[in-house]
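Notes follow the structure.
Protein chains: 2
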Amino acid sequence: MSKIGVFDSGIGGLTVLSQLINRLPGHDFVYFGDNARVPYGNKSERVIQHYSLQATKFLLSHNVDMIVVACNTASALAINQIKEMASGLPVIGMINSSVSDAIKITTNGNIAVIGTESTIASGAYQNKFSMSNIKVTTKSCPLFVPFVEAGMISHPALDLIIDEYLNFLKDEDTLILGCTHYPFLKTSIKKYLPEINIVDTGESAAKLAAQLLGPNNGIGITEYFVSDTPNNFINIAENELGLKITNLQQLNIEEW
Amino acid sequence: MSKIGVFDSGIGGLTVLSQLINRLPGHDFVYFGDNARVPYGNKSERVIQHYSLQATKFLLSHNVDMIVVACNTASALAINQIKEMASGLPVIGMINSSVSDAIKITTNGNIAVIGTESTIASGAYQNKFSMSNIKVTTKSCPLFVPFVEAGMISHPALDLIIDEYLNFLKDEDTLILGCTHYPFLKTSIKKYLPEINIVDTGESAAKLAAQLLGPNNGIGITEYFVSDTPNNFINIAENELGLKITNLQQLNIEEW
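Protein chains in written order, with our numbering: chain R, 31 to 286; chain Y, 31 to 286.
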């Protein structure tokens, strides 16, 4: 049995955790949601690296065997620093495996990536695709995370925002949801773009983690930690994702 | 000449600063925008108090003579702690002066307050009005701050969100914009509610500060400090509010 550490700024990473638990039954998980400082997607490299290393240090203190960076912004801006701190442990980010999956899925070589402002501005996806002959287009969608955090995952205003952000799409046949909050918007995005292939970065990362670890017999435990009051955290985890939260602690990150 | 310290989680407090500078010419200002941890409005009391006291300590280190808490959430949840730390200095929050103004303005005694989730949940406005015979209704509007932060202050999707949040209004003739981000939405809110009296909490607070200090001859200086890259900070300050930013420093709050 392995213990897998997972972190995100808040509820987005729960979409990744849910995929991991499905594909890695019998393993233990430690989830940290940094909801005292959510969102990460509009913060700078320096700040993201600082927050990500604090999260990594916390997960390492729980003796995890693997770290899954369940946030595209942290993956884009801090993966090297996280790997260095985790010295030798496998660290899975959201970018490499989803880029590989998108390249396998596209039939016309035109792929779009949407994400937070910081993820898109980092150029991490663009750099990864530059090693292929794919034509990649990108767009930051700063209001998608707030809509998810506000629980507005189906609303006429969201449909207008989806049109605002996604009407740039032309020949792309594949769309990477480059933020772990966006799977909550999958139904609304599918309605706007019924033909496009959608790549969920958490699903791609969970497949990779499952290849590395394989299933385990027995019953796995998931411990949840948050840095602020879990307002909508439990509600979304249980009602939207079917997770059962029996073991949740709120941390005093002021002491970090 | 006095030096006035002003803080907020980011750009919202600039609407207050702009009112203060207009009404207190010749004084110096120190503005701190905590954009590494924006927004405050979805955080808990413990976290807001911690962030607010860090900001207060920073302003006190600049030898300010007065502190203006240019954030309704910090005013609602941390004003007592801020006053205690500022021991004796005048501290002006966003709530008391706007409640007084709203009571003066209403003709039918029905007042509505909109704000962030944490401001409304705190009950601070409700408590303040309970000392009057006003009928007060409140509503949290969690997507308004993200729309402002994304620069979407005029958009059909915003109009739908305004309807979603404000269609509860019935007999109220006066509306307090209980968040310093909301003045950026004044035009769109006025379009939806052309008849209602709008109270801008920053304006109310600036009037009070001007009564306490009075104008000063000479030329005042404003120093700006932010805790993260000032992405849209300068753009909004200069283009939306007509402020001139010549003196801005980015702080390493990791060292706080």
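For each residue, glycine too, the CB sits at the ideal point set by N, CA and C.
Note that the structure is predicted; figures quoted are calculated from it, not measured.
Secondary structure, alpha helix (DSSP H): runs of 4+ residues fully inside the stretch 42 to 66 of chain Y: 43 to 53
Residue from K33(R), S48(R), E225(R) and I141(R) whose Cα sits closest to the Cα of A100(R): S48(R)
Span of the beta strand (DSSP E) around D253(R): The amino acid occupying residue 253(R) in the given sequence is Glu; Asp does not appear at that position. Start and end: T252 to V256.
Residues in the stretch 191 to 223 of chain R having any Cβ partner in chain Y nearer than 8 Å: I191 and E194
Interface flag, K87(R) vs chain B, CB-CB below 8 Å: The structure shown contains no chain B; its protein chains are R and Y.
Exposure of P172(Y), with buried meaning 16 or more beta-carbon neighbours within 10 Å: buried
Beta-carbon spacing of V129(R), I34(R) below 8 Å: no
Environment of I283(Y) [buried if 16+ CB atoms lie within 10 Å]: buried
Residues bridged to A142(R) (per DSSP): T167(R) and L205(R)
Residues that F177(Y) contacts on chain R, provided the C-beta gap is smaller than 9 Å: L173 and P176
Beta-carbon proximity check, F59(Y) vs G250(Y), cutoff 8 Å: yes
Residue-chain proximity (L74(Y), chain R), Cβ-Cβ < 8 Å: Residue identity check: residue 74(Y) is Ser in the sequence provided, not Leu. Yes, contact with chain R.
Supposed close pair Q66(Y), K220(R) - CB separation, criterion 8 Å: In the sequence as presented, Gln is not what sits at residue 66(Y); that position holds Ala. Not confirmed; about 35 Å, so no contact.
Closer than 7 Å at the beta carbon, the chain R residues around V77(Y): A66 and D258
Proximity test, Cβ basis, 8 Å: M182(R) and chain Y: yes
Any chain Y beta carbon closer than 8 Å to H80(R): yes
Interface flag, A132(R) vs chain Y, CB-CB below 8 Å: no
Rounded separation between L243(R) and A236(R) - CA only: 10 Å
CA nearest to the CA of I141(R), picked from T204(R), T252(R) and T231(R): T204(R)
Buried or exposed (CB count within 10 angstroms, at least 16 for buried), T86(Y): buried
Where K274(R) falls: helix, strand or coil (DSSP): coil
Close beta carbons around I191(Y), own chain, < 6 Å, minus the five adjacent residues each side: L173
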